[in-house]
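In UniProt numbering, the protein residues as written are 1 to 199.
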Amino acid sequence: MPKPAHCRQVARVGGIAAAALATALVTSAPAVAHDVVIGSNPENKSVVQDFPERIELEFSGEPKEGFNTVAISRTENGSTDVLFTGEPVIEGRNVTLDLPPDLQPEAGDYKVGFQIVSSDGHATKGMTSFSYQPDGAGSQSQQNSTATNAAETNENSSVSALWLLALGAIVLAVIAVLAVTNRSKKSKTITDDVRKGAQ
């Protein structure tokens, strides 16, 4: 039969373990409760033909008023150019940021970065992305590609013509050399025959 002192020690160790587990669960709870984006306009990883006039983000919880920021930037060749940053309007779970009318976007890839105060009171950062391909951008790119291919074809044709001219000149030169050589041989043969006849 276990001794009372031993039982008390086991109970104490068990109590400490239970307290540690409860502390860990309470500590990790806020991290799990961070708000996340469940919808956006433009949609994440979408392709749009009309550049948005405002950025809209819908979160899983209701962000709190505070240090909230939304920024839109353009990415090209690994570099990021921030076009506009502002404090968004929060209405329930929706966060919106109106973009200035004088913004002059170009076709390409864009990122929407945000930092909000989650409903659990913790700061949360994240990002969505979209691509902007206005009407005519595809056809213009196709026209440029067609023009480039035509230029390359013309260049290749010019190079081929030059090679043909050079080859023709070489052939004519060889024929001329052979003709002169044959003529010299014939002239020498006739001269030798004349000399032999004179003797």
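Note that beta-carbon positions come from the ideal geometry of N, C-alpha and C, so glycine has one too.
None of the values given here were measured: they were computed from a predicted structure.
Under the three-state DSSP convention, the category L167 falls into: helix
Contact set for F67: own chain, Cβ-Cβ below 8 Å, skip 5 residues either direction: A distance below 8 Å between beta-carbons, with the five flanking residues on each side excluded, links F67 to the following residues of its chain, in chain order: Q115, V117, A123.
Inter-residue Cα distance where the pair is L164 and S46: About 52 Å.
Unbroken stretches of the beta strand (DSSP E), 3 residues or longer, contained in the region 69–123: The region 69–123 contains these whole beta strand (DSSP E) runs: 79–86, 89–91, 94–98, 108–117.
Cβ shell of R54 (< 7 Å), same chain only, five flanking positions each side left out: Closer than 7 Å at Cβ, skipping near neighbours: T96, L97, D98, L99.
Euclidean distance between Cα positions of T69 and T85: Between the alpha carbons of T69 and T85 lies a gap of roughly 7 Å.
Identified DSSP bridge partners for F130: S46, Y110
Pairwise C-alpha distance: D109 and S129: 7 Å
Bridge partner(s) assigned by DSSP for I55: Answer is L97.
C-alpha gap between D35 and E87, whole angstroms: 18 Å
Close Cβ partners of R93 (< 6 Å) along its chain, the five nearest in sequence each way excluded: Around R93, the same chain offers E58, F59, E62 as residues with beta carbons nearer than 6 Å, after the five sequence neighbours per side are excluded.
Classification of I90 by the beta-carbon crowding that lies within 10 angstroms, buried from 16 upward: buried
For E65 and P105, the rounded distance between their alpha carbons: 30 Å
Residues near Y132 in its chain [Cβ-Cβ closer than 7 Å; skip 5 each side]: V48, F51, P105, A107, G108, Y110
7 Å CB neighbourhood of E56 in its chain, flanking five on each side removed: Excluding the 5 residues flanking it on each side, E56 has same chain C-beta neighbours closer than 7 Å at S40, N41, N94, T96, in chain order.
Straight-line gap, G113 to S119 (C-alpha atoms, nearest Å): 18 Å
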